[in-house]
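Q:
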Amino acid sequence: MLEAPVIEVFCSFQGEGPHAGERHLFVRFQDCELACKWCDTPLSFVVNKFCRVEQPPFSRKIRQYPNPISVSGLNEILGEFDPDTLAVTGGEPLQKVPFLKEWLPTQKRRTILLETAGVHFQELKEVIDRISIVSMDIKLPSSTGMHPWWREHENFLKIARQKETYVKVVVTGETEDRHVEKAAELVASIDREIPFILQPASPELQPALPRGRRGEPASPAPRFRIPPSPDQLSLWWGLVRRKLTRVQVLPQIHKQMGIH
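Each residue of the sequence shown is one higher than the one before, starting from 1 at the first, in my numbering.
1) Helix, strand or coil for E174, going by three-state DSSP, please let me know.
2) Suppose you measure from the CA of P210 to the CA of P18; what does that come to, to the nearest Å?
3) From the DSSP output, read off the bridge partner residues of D137.
4) Helix, strand or coil for E216 per DSSP?
5) Where does A160 fall in DSSP's three states?
6) Assign R214 to buried or exposed, taking buried as 16 or more other Cβ atoms, counted over all protein chains shown, within 10 Å of its Cβ.
7) Beta carbon of K96, beta carbon of S135: below 8 Å?
8) Can you check whether the CB of A4 is closer than 8 Å to the CB of I69?
9) Please report how far the alpha carbon of G183 lies from the alpha carbon of T165, in whole angstroms.
10) Cβ of L86 within 8 Å of Cβ of Q107?
11) Using DSSP with H/G/I as helix, E/B as strand and the rest coil, what is L205?
12) Looking only at its own chain, which residues have a Cβ that is under 6 Å from the Cβ of D137, when we skip the five neighbours before and after it?
13) Compute the Euclidean distance between the alpha carbons of L198 and P228, then round it to the nearest angstrom.
14) Determine the direct distance from the alpha carbon of W150 to that of R225, and round the result to whole angstroms.
15) Between the C-alpha atoms of W237 and R178, what's the straight-line distance to the nearest angstrom?
16) Quick check on this structure: which residue in W103, F29, E176 has the alpha carbon closest to the alpha carbon of P266?
17) Residues in its own chain within less than 7 Å of E126 by CB, not counting five upstream and five downstream?
18) Helix, strand or coil, according to DSSP, for Q55 in the structure here?
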């Protein structure tokens with residue numbers, strides 16, 4: 001019986017990308033191999049002994065279920081929720097492919113939206129037939145503080161474009177123009193019609209990271225403090241628009257509303 005650690009299950013408004021404002025059911029999986037310096041999901045990097053389930057939505061009434069959770073156990077939880085769109089997020093859900101391959105086929109009545117870092121292209125191949133929408137990040141090295149993932153992103157996008165796909169690029173005041181332009185070129189080389197979302201990071205809204213077993217941060221502490229300026233966003237929009245048809249600047253609206 002397959003099991004997976006789940007951080008939380010809740011119903012809320014989608015806060016990112018072209019589906020922002022729609023009511024979605026979220027299942028957030030634990031674990032992520034990446035460590036973006038603006039990460040806003042610190043529980044991805046620690047062992048969650050319990051899965052938190054908020055029901056009814058926005059009530060702050062939390063029930064806890066022991067981790068890891070089986071497919072049947074997760075479906076029992078989801079049976080209490082009614083949204084037609086299921087957002088599978090993390091962490092990085094594609095690190096849980098064996099579980100996803102068994103679980104996703106049981107969600108036939110729901111539209112499946114996958115939120116992903118866009119680097120695990122081999123894993124995406126195994127579940128793409130079960131996905132309806134791919135919300136793919138492109139990780140700019142000057143934004144994340146990590147090495148570039150250009151080759152992985154290119155291979156991932158070639159697979160993802162079989163389904164409805166949009167690209168999100170988180171930007172900070174430290175983001176370099178050349179990296180935004182390279183991301184736009186990468187997307188344009190595959191399909192100029194893929195929506196490209198410039199998403200300003202919000203350092204003032206980042207939660208404190210939990211501590212590890214020995215008191216050290218469970219993942220690298222956020223190291224950026226400067227959000228992008230309006231002039232930077234305008235410049236980047238222009239750089240991208242020269243190469244792609246559909247470009248938007250969209251913040252994380254759920255944070256602006258003070259919800260999940």
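Every residue, glycine too, gets a C-beta built ideally from N, C-alpha and C.
A: On the basis of the supplied data:
1) For the purposes of this step, residue 174 is taken as the residue at position 174 of the sequence shown. If DSSP states are grouped into helix, strand and coil, E174 belongs with coil.
2) Here residue 210 is taken as the residue at index 210 of the sequence shown, counted from 1. Here residue 18 is taken as the residue at index 18 of the sequence shown, counted from 1. Low per-residue confidence applies at P210: pLDDT is 45, beneath 50, and the placement is therefore not dependable, though the value from the model is reported in the following sentence. The straight-line gap from Cα to Cα measures roughly 31 Å.
3) Mapped onto the sequence shown, residue 137 falls at position 137. In DSSP, D137 forms a bridge with K168.
4) Stepping through the sequence shown from its first residue, residue 216 is reached at position 216. Its pLDDT being 36, under 50, E216 is placed unreliably in this model, and the value from its coordinates should be taken loosely. The answer is coil: DSSP assigns E216 none of H, G, I, E or B.
5) Residue mapping note: residue 160 aligns to position 160 of the sequence shown, counting from 1. Reduced to three states, the DSSP call for A160 is helix.
6) Looking up residue 214 in the sequence shown gives position 214. Confidence at R214 is low in this model, with a pLDDT of 36, below 50, so its placement is unreliable and the value that follows should be read with caution. R214 comes out exposed.
7) Working through the sequence shown from its first residue, we reach residue 96 at position 96. Working through the sequence shown from its first residue, we reach residue 135 at position 135. Against a cut-off of 8 Å, the Cβ pair of S135 and K96 comes out as no contact.
8) For the purposes of this step, residue 69 is taken as residue 69 along the sequence shown, with counting starting at 1. For the purposes of this step, residue 4 is taken as residue 4 along the sequence shown, with counting starting at 1. Yes, the pair counts as a contact, with Cβ atoms nearer than the cut-off.
9) Looking up residue 183 in the sequence shown gives position 183. Looking up residue 165 in the sequence shown gives position 165. Looking at the sequence shown, residue 183 is not Gly but Ala. Their Cα atoms are separated by approximately 15 Å.
10) Start at 1 with the first residue of the sequence shown, and residue 86 comes out as number 86. Start at 1 with the first residue of the sequence shown, and residue 107 comes out as number 107. For L86 and Q107, yes; Cβs fall inside 8 Å.
11) Residue mapping note: residue 205 aligns to position 205 of the sequence shown, counting from 1. Because L205 sits at a pLDDT of 45, beneath the cut-off of 50, its placement in the model cannot be relied upon, and the following sentence gives the value as read from the coordinates. DSSP places L205 in helix when its eight states are reduced to three.
12) The residue given as residue 137 occupies position 137 in the sequence shown. Excluding positions up to five away in sequence, the list reads A117, G118, K168.
13) For the purposes of this step, residue 198 is taken as residue 198 along the sequence shown, with counting starting at 1. For the purposes of this step, residue 228 is taken as residue 228 along the sequence shown, with counting starting at 1. Those two C-alpha atoms are separated by around 11 Å.
14) Numbered from 1 along the sequence shown, position 225 holds the residue referred to as residue 225. Numbered from 1 along the sequence shown, position 150 holds the residue referred to as residue 150. Distance between the alpha carbons of R225 and W150: 25 Å.
15) For the purposes of this step, residue 237 is taken as the residue at position 237 of the sequence shown. For the purposes of this step, residue 178 is taken as the residue at position 178 of the sequence shown. If you take the alpha carbons of W237 and R178, they lie about 13 Å apart.
16) A question about residue 266 goes unanswered here, because the residues of the chain that appear run from 1 up to 260.
17) Translated into positions along the sequence shown, residue 126 becomes position 126. If we look at E126 and ignore the five residues flanking it on each side, its Cβ neighbours are V97, K101.
18) Mapped onto the sequence shown, residue 55 falls at position 55. Q55: coil per DSSP, three-state reduction.
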